[in-house]
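The next block holds one structure in the form of structure tokens; read it before the comments.
There are 2 protein chains.
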Amino acid sequence: MKNDLQLIKIGGGQDINWDFIAEDLKRLKKFIIIHGANHKITEISKKLGITEKKIISPSGFVSRYTDEKALDVFLMIYAGLVNKKLVALLQKYKINAVGLTGIDGRIWEGKRKNIIYSVENGKTKLINDSLTGNVEKINTNLLNLLVKNGFVPVLCPPAISFDNEIINVDNDRAAAVLTKSLKIKEMIMLLEAPGYCKDLKDPKSVVSKIPFKKLDRFIKIAQSGMKKKLLGVKEAMIGGVEKVYLGDGRVKNPISKILNGAGTLIFKESIYE
Amino acid sequence: MKNDLQLIKIGGGQDINWDFIAEDLKRLKKFIIIHGANHKITEISKKLGITEKKIISPSGFVSRYTDEKALDVFLMIYAGLVNKKLVALLQKYKINAVGLTGIDGRIWEGKRKNIIYSVENGKTKLINDSLTGNVEKINTNLLNLLVKNGFVPVLCPPAISFDNEIINVDNDRAAAVLTKSLKIKEMIMLLEAPGYCKDLKDPKSVVSKIPFKKLDRFIKIAQSGMKKKLLGVKEAMIGGVEKVYLGDGRVKNPISKILNGAGTLIFKESIYE
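First to last, the protein sequences are chains Z and B. Each residue of the first sequence is one higher than the last, beginning at 33 in our numbering. Each residue of the second sequence is one higher than the last, beginning at 33 in our numbering.
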């Protein structure tokens, strides 16, 4: 029997309309949510007088420099403010949501990176106090237990290391590992864009379908944020996901619109054979 | 069969030693944790430039004035920073903890107080923007499901109103309603004191045993913080709890010491009949 569990990924941008999303999620049956909170992190960090530091990896990816102070803010915003407000909103729409991080029940377990490289002014530097890592193992029993009993897990970083440290992880890659472990076939990603756009400034340039075999081409030309997302999508599809919908998280009835063909559908050709 | 589920209540004071507690909790079998975070709230509110406002009720109880800004801080510290750090710490000691608020799965449901009274400079004022309430209903299915499957729920405020607002609630009273719903017979409360002390300044004045029928006398003479706790204890014992241990949350092996007679044991006489 085909797995009917879906993964909904909600971006953490300022213009994402959580209310529209929560309202429209009622139409789905069995799903897990993973959400971001980037905009709120920036906003609250400023208020706390904490400078957000970025790391640019030698291969050009931008990520957050997470020392202990930054991790505290991360916990406050992700696990506290954003996760719980989303859970309350979902409860309003009769979705029995349960907010969790990767720490709870060790859902997201991984290795802390002891050393990471950062390119600053053309020079590569070593950073050894970064509390980051990659999700390598999903402890699926808690998620399965909740889903089986009618609850909707609402999941966000951070994760926990094999040595019990709290570690920041990339949401898109964590989602990929999760879909593989839970054998999820469909993923819906809600963005601050109408889908994958050839020209970022032109919403009408959205590509409506991308077969998996052409995904690499799009990854190559995509810009930083979208490139990371598409790499996550690729990893998820290699792991077994068959359909990924990218669509607009700012509009009314976002899920319905996406499932009716708005946005970008990335698909495994095999499912149409 | 007697219910062997225990409730552990951990105070949110600055000197509570979370590591000692987590380490010693391994000795227990089936339990739920409820924790506070008061000290961190005060610390982070200051950093955020938010003035903590207190309300003194006409009957003399001090509570936090929770408007929308204060509730945001509350979510960040309780649900985010403190809850998740405690969960990670428990995981370190092989306790499979899952951090939750009363919002998740609607565990703590109640009515928002539309109007509350505050005494300021001898005058009674009406406050109508307070996001507070009382827990009236426990949705036990999530907690039972987790406990039955070997997870340890780590619970903290806020709660959710019947109208889906996030509301701040009193931890001690919420604990009382919880013990009744789950038919819990034993509660251990970890404080910044060696137990109930006749003289707050003299740790040797700790009262080692208080029979339930004498509890009212102690409530009468107790000071604000302890009075509130004892009122919670009374409510819990009327609801069915038979033993409440009050003990020191600052020392090594706190649980072992408490169960071996350190601290104060409040007990229903009937259990010794």
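The beta-carbon is built from N, C-alpha and C at its ideal position, and this holds for glycine as well.
Under 8 Å by beta carbon: chain B residues contacting residue i
i                : result
ASP104 (chain Z) : LEU113
Partner residues on chain Z for residue i, Cβ-Cβ distance less than 7 Å
i                : result
THR133 (chain B) : LYS116
Cross-chain neighbours of residue i in chain Z, by beta carbon under 8 Å
i                : result
VAL130 (chain B) : LEU132, ASP136, GLY137, LEU174
PHE183 (chain B) : GLY137, LEU174
GLN123 (chain B) : ILE135, ARG138, ILE192, ASN196
ALA120 (chain B) : ILE135, ILE192, ASN196, GLU197, ILE198
LYS79 (chain B)  : LEU80, GLY81
Same chain, Cβ closer than 8 Å to residue i, neighbours up to 5 away in sequence not counted
i                : result
SER193 (chain B) : GLU141, GLY142, LYS143, ARG144, GLY165, ILE199
LEU121 (chain B) : TRP50, ASP51, ALA54
VAL119 (chain Z) : ALA129, VAL130, GLY131, VAL186
ILE82 (chain Z)  : LYS101, ALA102, VAL105
SER288 (chain B) : ASP56, ARG59
TYR303 (chain Z) : According to the sequence displayed, residue 303 (chain Z) carries Ile and not Tyr. Here the set comprises GLU274, LYS275.
LEU178 (chain Z) : VAL130, VAL184, PRO185
LYS157 (chain Z) : TYR149, SER150, VAL151
LYS72 (chain Z)  : GLY44, ILE109, LEU113, VAL114
SER89 (chain Z)  : SER95, ILE148, TYR149, SER150, VAL151
7 Å CB neighbourhood of residue i in its chain, flanking five on each side removed
i                : result
GLY264 (chain B) : ASP204, ARG205, ALA207, ALA208
PRO235 (chain B) : PRO226, CYS229
PHE183 (chain B) : ASN128, VAL130
LYS300 (chain Z) : PHE244, MET269, GLU274
GLY43 (chain Z)  : GLY68, LEU222, LEU223, GLU224, GLY281
ILE290 (chain B) : ILE220, TYR277, GLY279
PHE250 (chain Z) : TYR228, ILE242, LEU262
LYS85 (chain Z)  : TYR97
ILE259 (chain B) : According to the sequence provided, residue 259 (chain B) is Lys. The question's Ile does not apply to it. Counting only Cβ-Cβ distances below 7 Å, and skipping sequence neighbours, we find ILE251.
Own chain partners of residue i with C-beta closer than 6 Å, once the 5 adjacent residues on each side are dropped
i                : result
SER95 (chain B)  : ILE87
GLY112 (chain Z) : none
LYS41 (chain B)  : ILE66, ALA207, MET221
ILE76 (chain Z)  : ILE109
LEU297 (chain Z) : LYS241, TYR277
ASN70 (chain Z)  : GLY44
Whole-Å CB distance - residue i paired with residue j, under 8 Å assumed
i                : j                : result
ILE148 (chain Z) : ILE139 (chain Z) : At roughly 23 Å, the Cβ-Cβ gap does not stay under 8 Å, so ILE148 (chain Z) and ILE139 (chain Z) are not in contact.
GLY137 (chain B) : LYS212 (chain B) : Contact doesn't hold; Cβ gap of about 18 Å is too wide.
ASP104 (chain Z) : LEU163 (chain Z) : Not really, about 10 Å apart at Cβ, beyond 8 Å.
ASN3 (chain Z)   : GLN123 (chain B) : As shown, chain Z starts at 33 and ends at 305. That puts residue 3 (chain Z) outside it, with no answer to give.
LEU80 (chain B)  : LEU210 (chain B) : Actually they do not touch by this definition, with Cβ atoms about 30 Å apart.
ALA254 (chain B) : LEU262 (chain B) : 5 Å
LEU37 (chain Z)  : ILE170 (chain Z) : Not really, about 13 Å apart at Cβ, beyond 8 Å.
VAL201 (chain Z) : GLY257 (chain Z) : Contact doesn't hold; Cβ gap of about 17 Å is too wide.
Bounding residues of the beta strand (DSSP E) (the contiguous stretch that carries residue i)
i                : result
THR156 (chain B) : 155-159
LYS86 (chain Z)  : 86-88
GLU152 (chain Z) : 148-152
PRO243 (chain B) : 241-243
ALA129 (chain B) : 129-133
ARG138 (chain B) : Element bounds for ARG138 (chain B): n/a, residue is neither H nor E.
PRO185 (chain Z) : 184-188
GLU218 (chain B) : 218-223
LEU297 (chain Z) : 296-299
Boundaries of the alpha helix (DSSP H) in which residue i is found, first to last residue
i                : result
SER77 (chain Z)  : 70-79
GLU100 (chain Z) : 100-106
THR172 (chain B) : 172-180
ALA191 (chain B) : Per DSSP, ALA191 (chain B) belongs to no alpha helix (DSSP H); it is in the beta strand (DSSP E), 191-193.
LYS252 (chain B) : 247-253
LYS34 (chain B)  : Here LYS34 (chain B) belongs to no alpha helix (DSSP H), and DSSP marks it neither H nor E.
THR211 (chain B) : 203-214
ASN119 (chain B) : Looking at the sequence shown, residue 119 (chain B) is not Asn but Val. It spans 115-124 - the alpha helix (DSSP H) in which VAL119 (chain B) sits, taken as one unbroken run.
ASP280 (chain B) : Where ASP280 (chain B) is concerned, there is no enclosing alpha helix (DSSP H), although the beta strand (DSSP E) it sits in stretches over 275-280.
PHE52 (chain Z)  : 50-57
LYS289 (chain B) : 286-291
Chain-ordered chain B contacts of residue i [CB-CB under 7 Å]
i                : result
ILE40 (chain Z)  : Within 7 Å Cβ-Cβ: nothing; ILE40 (chain Z) doesn't reach chain B, min ~17 Å.
LEU177 (chain Z) : LEU177, ASN181
Where residue i meets chain B, residues with beta-carbon distance less than 9 Å
i                : result
ILE109 (chain Z) : MET108, GLY112
Indicate whether the contact test is met: 3 or more Cβ pairs, each with one atom in the segment 266-284 of chain B and one in the segment 219-236 of chain B, closer than 8 Å. yes
Does the segment 231-251 of chain B come close enough to the segment 65-79 of chain B to have 3 or more Cβ pairs within less than 8 Å? With a cut-off of 8 Å, the segment 65-79 of chain B and the segment 231-251 of chain B do not count as touching, because too few Cβ pairs lie within range.
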